[in-house]
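Report on the structure given below.
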Amino acid sequence: AQTVTQSQPEMSVQEAETVTLSCTYDTSESDYYLFWYKQPPSRQMILVIRQEAYKQQNATENRFSVNFQKAAKSFSLKISDSQLGDAAMYFCAYRASSGNTPLVFGKGTRLSVIA
Amino acid sequence: GAVVSQHPSWVICKSGTSVKIECRSLDFQATTMFWYRQFPKQSLMLMATSNEGSKATYEQGVEKDKFLINHASLTLSTLTVTSAHPEDSSFYICSAREGGLLEQFFGPGTRLTVL
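In order, the protein sequences belong to chains S and G. Heads up: the first sequence begins at 220 in the numbering used here, then just goes up one per residue. Heads up: the second sequence begins at 1200 in the numbering used here, then just goes up one per residue.
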């Protein structure tokens, strides 16, 4: 079974600074997708960024970028120029590309942004 | 982007009663819907996967007779918590996907409190 591990229950960052959230996963699949979701206090899940495993290039979305290391099964999220609105729970998620499979989530990292 | 709604957003009920939660895809055909449960400060735990017109597939440990899922149309899925007890109090989130598309869209969640 696939598992997703987020080893940092909580992280904090100064406003305007950069922070990296860690995620590792375990799978025997060769093709899959990885995601980072943000869950603010409203609890609405918001997609931050996604990465296709077959792509070597790391995905970027404005201030958010990932470091995808397929061999190491690592998928970290870097948030640059942190803003107060970035404070939230961040969940790393995995989905196999074959079949109608659901997302498998890590336990999450609570990010605080200090003004 | 695609929108998924949930109703009600919160509900309080007495122990022993049943509660129905609706999940609707507003602007796409949700061929697959997923129901998650989230306890405070924890991650999303998948309860079941349902395909339109088919019986739901429940995750291990989830009682299908207690959590009845109906996915009768391409825009509506319902979760009924039967004979609710205080331990069923939680945040329930639905999520939907269209066909073989990659992205999975999330509803805003329903907070259930059983007294």
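Note that the Cβ used here is the ideal one computed from N, Cα and C, for glycine as well. Quick caveat: nothing in here was measured; it's all calculated off a predicted structure.
Exercise. Does the distance from the C-beta atom of S:Ser241 to that of S:Gln227 stay below 7 Å?
Worked result: Taking 7 Å as the Cβ cut-off, S:Ser241 and S:Gln227 qualify as a contacting pair.
Exercise. Since G:Cys1293 is in the beta strand (DSSP E), which residue starts that stretch and which ends it?
Worked result: Note, G:Cys1293: beta strand (DSSP E), 1289 to 1296.
Problem set entry | Rounded separation between G:Lys1219 and S:Pro260 - CA only | Cα to Cα, G:Lys1219 sits roughly 24 Å from S:Pro260.
For this session: Would you mind reading off the limits of the beta strand (DSSP E) that contains S:Ala235?
Result: From DSSP, S:Ala235 is part of no beta strand (DSSP E); its letter is neither H nor E.
Exercise. Can you pull the DSSP bridge partners for S:Gln302?
Worked result: According to DSSP, S:Gln302 bridges with nothing at all.
For this session: Establish whether the CB of S:Asn319 and some CB of chain B are separated by less than 7 Å.
Result: The structure shown has no chain B; the protein chains it does contain are S and G.
Problem set entry | Three CB pairs or more closer than 8 Å across the segment 1223 to 1240 of chain G and the segment 1270 to 1277 of chain G | Touching, yes.
For this session: Identify whether G:Glu1286 lies in helix, strand or coil by the three-state DSSP scheme.
Result: When DSSP states are grouped into helix, strand and coil, G:Glu1286 belongs to the helix group.
For this session: Return the residues of the segment 1266 to 1293 of chain G that lie within a Cβ-Cβ distance of less than 8 Å from chain S, sorted by chain order.
Result: Listed by position along the chain: Phe1290, Ile1292.
Exercise. Does the segment 281 to 292 of chain S come close enough to the segment 325 to 334 of chain S that 3 or more CB-CB pairs lie under 8 Å?
Worked result: Result no; under three Cβ-Cβ pairs closer than 8 Å.
Problem set entry | Backbone secondary structure at G:Ser1204 - three-state DSSP | Secondary structure at G:Ser1204: strand, using DSSP grouped into helix, strand and coil.
Exercise. Taking 7 Å as the CB-CB cut-off, is S:Met230 touching chain G?
Worked result: Chain G has no Cβ within less than 7 Å of the Cβ of S:Met230.
Problem set entry | 7 Å Cβ cutoff, G:Leu1300 in contact with chain S | For G:Leu1300, the answer is no, since every Cβ of chain S falls outside 7 Å of its Cβ.
Exercise. For G:Phe1233, which residues in chain S fall below 7 Å Cβ to Cβ?
Worked result: Chain-ordered, the chain S residues with CB closer than 7 Å to the CB of G:Phe1233 read Pro321.
For this session: Excluding the 5 residues preceding and the 5 following S:Thr320 in the sequence, name in chain order all residues of the same chain whose CB lies nearer than 7 Å to its CB.
Result: Take S:Thr320, set aside five residues on each side of it, and the residues of its chain with a beta-carbon closer than 7 Å to its own are Arg314, in chain order.
Problem set entry | For S:Asp245, three-class secondary structure by DSSP | Three-state result, S:Asp245: strand.
Exercise. Which residues mark the beginning and the end of the beta strand (DSSP E) in which S:Gln288 is found?
Worked result: Where S:Gln288 is concerned, the enclosing beta strand (DSSP E) starts and stops at 283 to 288.
For this session: Output the boundary residues of the beta strand (DSSP E) element that contains S:Ser226.
Result: Bounds of any beta strand (DSSP E) do not take in S:Ser226, whose DSSP letter is neither H nor E.
For this session: Identify every residue that forms a DSSP beta bridge with S:Thr320.
Result: Its beta-bridge partners do not exist; DSSP assigns none.
For this session: Starting from the C-beta of G:Thr1231, find all residues in its chain whose C-beta is less than 6 Å away, skip the five residues before and the five after it, and write them out in chain order.
Result: For G:Thr1231, where only same-chain residues beyond five positions count, the Cβ hits under 6 Å are Asn1250, Arg1296.
Exercise. Taking DSSP as the reference, what is the three-state secondary structure of S:Ala315?
Worked result: Strand at S:Ala315.
Exercise. Exposed or buried, what is S:Ala220 when buried is set at 16 or more other beta-carbons lying within 10 Å of its beta-carbon?
Worked result: It is exposed - the Cβ of S:Ala220 has fewer than 16 other Cβ atoms within 10 Å.
For this session: Between the Cα of G:Gly1252 and those of G:Ser1272, G:Gln1237, G:Gly1308, spot the shortest distance and give me the residue it belongs to.
Result: Of the candidates G:Ser1272, G:Gln1237, G:Gly1308, the one whose C-alpha sits nearest the C-alpha of G:Gly1252 is G:Ser1272.
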